[in-house]
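Going by the numbering used here, the sequence shown opens with residue 1216, and the numbers climb by one from there. Note sheet for the following structure.
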Amino acid sequence: MFNAQRRTRGEPEIENSSFRTDVLRGLTARRKSLPAKYFYDAAGSRLFEAICELPEYYVTRTETALLTRIVPEISALIPQRAALVEFGSGASVKTRLLLDAAPQLDVYVPIDISETALADAARSLNATYPALTVLPLLGDFTAPITLPKLVRERPVVGFFPGSTIGNFAPAAAVDLLRSARTLLGQGAQFLVGADLVKPPSVLVPAYDDAQGVTAAFNKNLLVRINRELGAAIDPDRFRHRAVWNATDSRIEMHLVSLQDQTVEIAGRSITFAAGESIHTENSYKFTVDGFTALAEQAGWRVQASWADSDFPFGVFLLAAPDA
Ligand code: AVJ
């Protein structure tokens, strides 16, 4: 992997050898899979924003409504002159809710793998919050990162909204929460949004919408492989599938091959049988107790938590020990 570093527009793209390695590893395994983090190229990020507007996709709306209601309480728990560090910041929309309610936050570090999303967010936040110091970090927050000195000398609040934590299997979620604790440092707080279990009749349509936007988001992975790895996969020879896995408490997304086919990717021949699937995403759904247990395993304590009850969604304020 690579270390996150500050970059400006116009510098070369992050080298794509880990993409090629990960794609080939995933597609040559006995059960094919692709890492969900590769959804978010420019087209994928736009499709994800369209998903957030869908009537079936309750996640963003629910979390935003909940945050809107609770930011005054969160603000009361955040120290003066704190720095906010956001994991996978995207367009930084929910960030504004926090910044508006907690003006004591005077440094903001968005971390994202999309250079354009970072640059756009930094520009628009600078315009709205002239007193805020914005220090974007381009990088993968699952890889080692170092925070700028300005942040390390302040109280630190991590922010990880959107239930992105749900993309990680329990052991990996604990690892991520533990690395976040190390990154954010002693005495840090960590505000995490986690989607809660709800009936499959609500969950499945949220990941398989009537307009087919989620299907396009899923198939965009194939489009990205074609473009970045010089392949010629026909996305129409795959269908989008979303399924609730009750045993593991997760929604799974798959791309199912509609026929026997062989595709060439980066010099390798990859064969699909009709009906064979590529597992492209897990979106774990939590209970309050289950999420609390994961956080505690990672060395955090739950300082406060809030849950929306219409479409159950949880926001957890975690606290790291002081020493
Ligand atoms: C951004 C990971 C939270 O799992 O709900 C949306 C991604 N995938 N529709 C989610 C996603 C399909 C989303 N997260």
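Note that the Cβ used here is the ideal one computed from N, Cα and C, for glycine as well.
Query, Result
"S1492 Cβ short of 6 Å to the ligand AVJ heavy atom set", "no"
"Residue from A1337, L1281, E1496 with nearest C-alpha to L1470", "E1496"
"Range of the contiguous beta strand (DSSP E) that encloses Y1499", "1492–1499"
"Inter-residue Cα distance where the pair is A1421 and S1520", "24 Å"
"Any non-hydrogen atom of the ligand AVJ within 6 Å of G1400 CB", "no"
"Residue span of the alpha helix (DSSP H) that contains V1286, given as start and end", "1273–1291"
"Residue closest to A1298, alpha-carbon to alpha-carbon, out of T1507, L1353, V1366, V1238", "V1366"
"Check whether V1322 and T1348 have beta carbons under 7 Å apart", "yes"
"7 Å CB neighbourhood of I1266 in its chain, flanking five on each side removed", "Y1272, V1428, T1429, F1432"
"N- and C-terminal bounds of the beta strand (DSSP E) containing Q1404", "1404–1410"
"heavy atom of the ligand AVJ below 6 Å from T1573 C-beta", "The question about residue 1573 has no answer, for the chain in this structure spans 1216 to 1538."
"Validate contact between the segment 1335–1353 and the segment 1269–1284 using beta carbons, cut 8 Å, 3 pairs", "no"
"Close beta carbons around E1511, own chain, < 8 Å, minus the five adjacent residues each side", "V1517"
"Residues near G1241 by beta carbon distance below 8 Å, same chain, minus five either side", "K1247, S1248, L1249, P1250, I1493"
"Where I1440 falls: helix, strand or coil (DSSP)", "helix"
"Cβ neighbour criterion (16 or more within 10 Å) applied to P1270", "exposed"
"Cβ neighbour criterion (16 or more within 10 Å) applied to D1315", "exposed"
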